Amino acid sequence: MNEGVIPITNAQLVLSVVLVLTAGIVSALLRLGLLQSLLWGTVRTFAQLFFIGYALSYIFNLNHPVLIFGIILVMCTIATRASMRRIPHQSGYLALIGFLSLTVSTFLVGIIVVALVIGPQPWYLARIVIPIFGMILGNSVNGIALSLERLYAEIRTHAAEIEALLSFGATPWEAVQERVRESLRAGMTPTINSLMVVGLVSLPGMMTGQILSGVDPQQAVRYQIVVMLMITAAVSIGCLMLVLLTYKRFFTAQAALDYSILGIKGAHPEKKAVKARKTANWKKLFDRNKGK
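According to our numbering, the stretch in the sequence shown is residues 2 to 293, in order.
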């Protein structure tokens, strides 16, 4: 089965704009204030996708490994910036760790899939490498952002508990290992959920695209299985690297929580309360002795 792609003409493409006009009509009738955003979003969709289409045609024709992997590094940089936006207190260190986690997991899994599983000739074939690496990156960004955001929130929320564990002689790792587990679960759960429902709730994008282009459904299914498994592996590796390289950043050289990174000025509120109670008790004792 390979009937080829059914081409879409310019007239048919313009006709598809009618679909988004329905959303514009709803916005206008209900005064949602979304009409301008819908129109601008539609224009940007046309411009951005046509641009990337022409750029990919040029890159595919050149098919030079340095250019291909240079583009992927740029994609990793952009993806890192996108994932770091969700963190309240950003730093160059966190950005570097995020970039390394994304880049290492993407290249490790991507090269294995392209060179060993799919096996095009040459192995760096642009029309295979760029889409595969792009899918890995797109999904890894979400997982890494969720893990980092959850790690930050978990340590901030359980700061008093972590301080208590440290005071009893726990190492930073022992004090935060449960928080690390929670952050890894947060980053990996969406991908695992996708594995559970793929093919049942909806047809995945790559599989649908291949079927529309005339590829045999059985081959499309095989490709989609590879894609789902590679995404799961990349997200797992990326989240693990990020969390293990980041958690120490929340501690000082003396193995105490660094409240400046957590956005808490001075000591933890609970520790301040304890100090205030001690001061009050000493004041009462002093006043009592003074009265005698």
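C-beta atoms are modelled at their ideal positions from N, C-alpha and C, and glycine is treated no differently. Computed from a predicted structure; not experimentally measured.
Cβ separation of residue i and residue j, assumed to be a contact under 8 Å, to the nearest whole Å
| i | j | result |
| --- | --- | --- |
| residue 115 | residue 129 | 6 Å |
| residue 88 | residue 153 | 6 Å |
| residue 156 | residue 16 | Not a contact, Cβ separation roughly 53 Å. |
| residue 43 | residue 18 | 7 Å |
Inter-residue spacing [alpha-carbon to alpha-carbon] between residue i and residue j
| i | j | result |
| --- | --- | --- |
| residue 233 | residue 195 | 9 Å |
| residue 112 | residue 164 | 43 Å |
| residue 39 | residue 13 | 20 Å |
| residue 245 | residue 133 | 26 Å |
| residue 178 | residue 242 | 14 Å |
| residue 37 | residue 83 | 25 Å |
| residue 261 | residue 250 | 11 Å |
| residue 74 | residue 107 | 10 Å |
| residue 109 | residue 172 | 31 Å |
| residue 168 | residue 93 | 30 Å |
| residue 209 | residue 139 | 18 Å |
| residue 247 | residue 48 | 38 Å |
| residue 33 | residue 20 | 18 Å |
| residue 125 | residue 135 | 14 Å |
| residue 197 | residue 203 | 12 Å |
| residue 181 | residue 30 | 48 Å |
| residue 238 | residue 255 | 29 Å |
| residue 24 | residue 11 | 22 Å |
| residue 119 | residue 9 | 29 Å |
| residue 58 | residue 175 | 52 Å |
| residue 223 | residue 131 | 19 Å |
| residue 86 | residue 160 | 23 Å |
Three-way DSSP call (helix, strand, coil) for residue i in this model
| i | result |
| --- | --- |
| residue 252 | strand |
| residue 204 | coil |
| residue 258 | strand |
| residue 216 | coil |
| residue 6 | coil |
Contacts around residue i, its chain only, beta-carbon distance under 6 Å, and the 5 residues preceding and following it disregarded
| i | result |
| --- | --- |
| residue 201 | none |
| residue 207 | 225, 228 |
| residue 127 | 60, 61, 64, 69 |
| residue 142 | 80, 83, 84 |
Cβ shell of residue i (< 7 Å), same chain only, five flanking positions each side left out
| i | result |
| --- | --- |
| residue 240 | 144, 145, 148, 185, 188, 189 |
| residue 81 | 96, 99, 100, 103 |
| residue 192 | 140, 144, 232, 233, 236 |
| residue 212 | 218, 221 |
| residue 275 | Confidence in residue 275 is poor, its pLDDT being 44 and thus under 50, which makes the residue's placement too unreliable to answer from. |
Close Cβ partners of residue i (< 8 Å) along its chain, the five nearest in sequence each way excluded
| i | result |
| --- | --- |
| residue 252 | 173, 258, 259 |
| residue 205 | 199, 225, 228, 229 |
| residue 50 | none |
Any non-hydrogen atom of the ligand ZN closer than 7 Å to residue i Cβ
| i | result |
| --- | --- |
| residue 29 | Within the structure as shown, the ligand ZN is missing, as the structure has no ligands at all. |
> What are the uninterrupted segments assigned as alpha helix (DSSP H) that are 4 or more residues long and contained completely in the stretch 23–64, given in chain order?
Replying inline: Complete alpha helix (DSSP H) runs here, min 4: 36–63.
> Quick one: complete alpha helix (DSSP H) runs, 4+ long, within the stretch 130–189?
Replying inline: 160–168, all fully within the stretch 130–189.
> Can you list the alpha helix (DSSP H) stretches of 4 or more residues lying completely in the stretch 69–130, in chain order?
Replying inline: Counting only unbroken stretches of 4 or more residues, the alpha helix (DSSP H) elements lying wholly within the stretch 69–130 are 93–113, in sequence order.
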